[in-house]
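Novice: When we follow this note's numbering, the leftmost residue of the sequence shown carries the number 54, and every step to the right adds one.
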Amino acid sequence: MSDNPSANVGPGRPKDLAKRQAILEAAKNLFLSNGYASTSMDAVAAEAGVSKLTVYSHFNDKETLFTAAVVAKCEEQLPTLIYELTPNASVESVLLNIARGFHQLINSDESVNLHRLIMTLGNQDPKLSQMFIEAGPERVLQGMERLLRRINELGTLHIDKPRNAAEHFFCMLKGGANFRLLYGCGEPLRGAAAEEHVQEVVALFIRAYRP
54 MSDNPSANVG
64 PGRPKDLAKR
74 QAILEAAKNL
84 FLSNGYASTS
94 MDAVAAEAGV
104 SKLTVYSHFN
114 DKETLFTAAV
124 VAKCEEQLPT
134 LIYELTPNAS
144 VESVLLNIAR
154 GFHQLINSDE
164 SVNLHRLIMT
174 LGNQDPKLSQ
184 MFIEAGPERV
194 LQGMERLLRR
204 INELGTLHID
214 KPRNAAEHFF
224 CMLKGGANFR
234 LLYGCGEPLR
244 GAAAEEHVQE
254 VVALFIRAYR
264 P
């Protein structure tokens, strides 16, 4: 068996790509509904409609599959290219696009359920929490950190600590509404209220780091 989970998946093999996607979707559903410990590779295979061997040909073990499922969820809302500056796009528009995607991601049912799952299981298995942090939040932070470092180099904003600034940006976007939502005593901001919140956060961020 290859050490590379994607070794048997090539761009010229659409059936393999379709099976991989089905496995990821099945894994996300089962991890969220049954928890990490209670989700087996056999169950994922049955849910995806593929053989257990096919699951292992794409993902070496359950940890790899869990990590890939978290990454896939994040990329649904925050694809890698969203962090890039383009010649015709203003910094404000780039930050707004990131803010909208992130806000939608963290308030989605899947994201909320996943966070609650990690909060529940984290004390029992700290390794699981670390896997989640590295696969999801850390990747988001690293992408934002690279973008903010580039913005600082261009002189558009003065950001001498891009990592800290990235954390401030996403923490402001979460706000009190997401905190209450995670604890089951509130509703996510939607529609005009969500857009107003996103625009306010971006405006505050730009004002704080304007040269």
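Where a beta carbon is used, it is the ideal one built from N, C-alpha and C, also for glycine. These figures come from a predicted structure and were not determined experimentally.
Determine, using beta carbons only, whether V251 and R153 come nearer to each other than 8 Å.
Specialist: Yes, the Cβ-Cβ distance between V251 and R153 is below 8 Å.
Novice: CA-CA distance, R169 and I76?
Specialist: Taking the straight line joining both Cα atoms gives about 22 Å.
Novice: Within a Cβ cutoff of 6 Å, which residues of the same chain sit near F222, ignoring the five residues on either side of it in sequence?
Specialist: Only F258 meet the Cβ criterion.
Novice: For M184, which residues of its own chain have a beta-carbon under 7 Å away from its beta-carbon, when the five flanking residues on both sides are left out?
Specialist: Cβ within range, chain order: E116, F119, T120.
Novice: Assign S55 to one of two classes, buried (16 or more other C-beta atoms within 10 Å of its C-beta) or exposed (fewer than that).
Specialist: Reliability fails at S55, whose pLDDT of 39 lies under 50, so the model's placement of it is uncertain and the value that follows must be treated cautiously. Classification for S55: exposed.
Novice: Assuming P201 and E220 make a contact with CB atoms under 8 Å, what is their CB distance in whole Å?
Specialist: For the sequence presented, residue 201 should be read as Leu rather than Pro. Not quite, the Cβ-Cβ distance comes to about 11 Å (not below 8 Å), so this is no contact.
Novice: Leaving aside the five residues before and after H156 along the sequence, list all residues of the same chain whose C-beta is less than 8 Å from its C-beta, in chain order.
Specialist: Counting only Cβ-Cβ distances below 8 Å, and skipping sequence neighbours, we find L226, L242, A247, H250, V251.
Novice: Give every residue of the same chain whose Cβ lies closer than 6 Å to the Cβ of T209, excluding the five residues on either side of it in the sequence, and list them in chain order.
Specialist: Result list for T209: V144, in chain order.
Novice: Would a C-beta distance cut-off of 8 Å place L85 and L167 closer than the cut-off?
Specialist: Taking 8 Å as the Cβ cut-off, L85 and L167 qualify as a contacting pair.
Novice: Measuring from the CB of S91, is there a heavy atom of the ligand FAD at a distance below 7 Å?
Specialist: No copy of the ligand FAD appears in this structure; indeed no ligand is present at all.
Novice: If I'm right that V97 touches A79 with Cβ under 8 Å, what's the distance once you round it to whole angstroms?
Specialist: Confirmed, Cβ separation roughly 5 Å.
Novice: Using 10 angstroms around the beta-carbon of N57, count the other beta-carbons present and answer buried if the total reaches 16, otherwise exposed.
Specialist: Confidence at N57 is low in this model, with a pLDDT of 44, below 50, so the placement of that residue should be treated as unreliable; the coordinate-derived value is given next. That one is exposed.
Novice: Does DSSP classify H211 as helix, strand or coil?
Specialist: Here H211 sits in coil by DSSP.
Novice: Is it buried or exposed, N160, if we count other Cβ atoms within 10 angstroms and call 16 or more buried?
Specialist: Counting Cβ neighbours within 10 Å, N160 comes out buried, since at least 16 surround it.
Novice: Rounding to the nearest angstrom, what Cα-Cα distance links N61 and R73 in this structure?
Specialist: In this prediction, N61 has a pLDDT of 43, which is less than 50 and means its spatial position is unreliable; what the coordinates show is noted afterwards. If you take the alpha carbons of N61 and R73, they lie about 10 Å apart.
Novice: Return the residue from the list T139, V165, A188 that minimises the CA-CA distance to I204.
Specialist: Taking only the C-alpha atoms, the option nearest I204 is T139.
Novice: According to the neighbour-count rule (16 or more other Cβ atoms, all chains shown, within 10 Å of its Cβ), is A81 buried or exposed?
Specialist: According to the sequence provided, residue 81 is Lys. The question's Ala does not apply to it. K81 is buried by the Cβ-count criterion.
Novice: Write down the C-beta distance between R216 and Y136 rounded to the nearest angstrom, noting that I regard them as a contact closer than 8 Å.
Specialist: Incorrect: roughly 14 Å between the Cβ atoms, too far for contact.
Novice: Closest to G88 by CA distance: which of I171, E240, E129, K214 is it?
Specialist: Of I171, E240, E129, K214, the residue nearest in Cα terms is I171.
Novice: If we count the other Cβ atoms within 10 Å of its Cβ and call it buried at 16 or more, is C127 buried or exposed?
Specialist: With 16 or more other Cβ atoms within 10 Å, it is buried.
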